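J.: One structure, pasted below without further comment.
Residue numbers (the numbering used here): 7 to 250.
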């Protein structure tokens, strides 16, 4: 009989570089199922809860706790231990006042940063697709797979949305525009936060780029490497990051 489903494990030697886990002590790590985030930019819950946050001793203990509804992601219970956890996801241990947001920080594409309860009620989604659905309404798809219907046609791919985790609605939009703040979530400058000073659109021979002012230094990166996180200031708690 053919085997159903994908492998439940993967070798640690091929894990993305932002994974903080021993690569030589054990051979295998938990694999990820298809989900809201790309496999190359996502954590598995076991690694986050056991290896980084030290909230459990072994795989069985974490799986049992998750099955009982111990992990909340963006306000919803996640019981699948292979569910991908990615950029801007808010994690909470059910019944506690402990909250974390997965952010790019200090050269790591993802890391759980401690936040307070007020911050946990919101996340930011980067728009990756815009679709007209008729009746003067538009569907916006974000980087985490979430979709929103709006009558506004002003949002564009590359812009960001401040989303309420409580109500599941758009609270505010942050356009990819001069003067707004953005965080670099890909490349060698991952985790750096700066103010947008110039945007160069793509051409037939060149990708679009964004120039950021970071501590009186100008940094230019591809526009698909940045996520807008606020207007006059960042709307969420982030580290300013360090230039490599």
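Glycine is no exception: its CB is placed at the ideal position from the N, C-alpha and C atoms.
Note that the structure is predicted; figures quoted are calculated from it, not measured.
#1: According to DSSP, is residue 159 helix, strand or coil?
#2: Can residue 197 and residue 113 be called in contact, C-beta distance under 8 angstroms?
#3: Restricting to runs no shorter than 4 residues, where is the alpha helix (DSSP H) found entirely within the region 43 to 83?
#4: Who pairs with residue 200 in a beta bridge, going by DSSP?
#5: From 142, 95, 141, pick the residue whose C-alpha is nearest to that of residue 120; which is it?
#6: Straight-line CA distance for residue 232 to residue 224?
#7: Should residue 100 be labelled buried (16 or more other beta-carbon atoms within 10 Å of its own) or exposed?
#8: Determine the extent of the alpha helix (DSSP H) in which residue 123 is found, giving its start and end residues.
#9: Since residue 235 and residue 187 are thought to touch, with beta carbons under 8 angstroms apart, how far apart are those beta carbons, to the nearest angstrom?
#10: Buried or exposed for residue 226, please, with buried defined as at least 16 other CB atoms from any protein chain shown within 10 angstroms of its CB.
#11: In its own chain, which residues sit with a C-beta less than 8 angstroms from the C-beta of residue 241, not counting the 5 before and 5 after it?
#12: DSSP puts residue 182 in a beta bridge; with which residues?
#13: Whose C-alpha, out of 132, 90, 146, is nearest the C-alpha of residue 189?
#14: Using a threshold of 8 angstroms, state whether the C-beta atoms of residue 253 and residue 110 are closer than that.
#15: Is DSSP giving residue 105 helix, strand or coil here?
#16: To which residues of the same chain is residue 213 closer than 8 angstroms at the C-beta, ignoring the five residues directly before and after it?
#17: Spatial neighbours of residue 156 within its chain, please: CB distance less than 6 angstroms, with the 5 preceding and 5 following residues excluded, ordered by chain position.
#18: Could you tell me the alpha carbon to alpha carbon distance between residue 216 and residue 71, rounded to whole angstroms?
#19: Looking only at its chain, what residues have a beta carbon closer than 7 angstroms to the beta carbon of residue 138, apart from the 5 residues adjacent to it on each side?
#20: Just curious, the beta strand (DSSP E) that residue 98 is in, first and last residue?
#21: Using the DSSP secondary-structure output, state which residues sit across from residue 152 in a beta bridge.
#22: Using the rule of at least 16 other Cβ atoms within 10 Å of the residue's Cβ for burial, across every protein chain shown, is residue 98 buried or exposed?
#23: Find the nearest neighbour of residue 2 within the set 183, 194, 204, judged by alpha-carbon distance.
T.: Taking the definition as stated:
#1: coil
#2: Remark: C-beta atoms of residue 197 and residue 113 approach each other more closely than 8 angstroms.
#3: 65 to 73
#4: 188
#5: 95
#6: For the pair residue 232 and residue 224, the Cα-to-Cα distance works out to about 14 angstroms.
#7: exposed
#8: Residue 123 -> alpha helix (DSSP H) spans 123 to 126.
#9: 5 angstroms
#10: exposed
#11: So the qualifying residues of the chain are 128, 130, 168, 178, 180, 235.
#12: DSSP, once it has assigned bridges, lists no residue as partnering residue 182.
#13: 132
#14: This structure cannot speak to residue 253, because the chain is shown only from 7 to 250.
#15: Correct three-state label for residue 105: strand.
#16: 228, 229, 230, listed in sequence order.
#17: For residue 156, where only same-chain residues beyond five positions count, the Cβ hits under 6 angstroms are 144.
#18: 43 angstroms
#19: 144
#20: 96 to 99
#21: For residue 152, which the question treats as bridged, DSSP gives no partner whatsoever.
#22: buried
#23: Any answer about residue 2 is impossible in this case: the structure gives the chain only from 7 up to 250.
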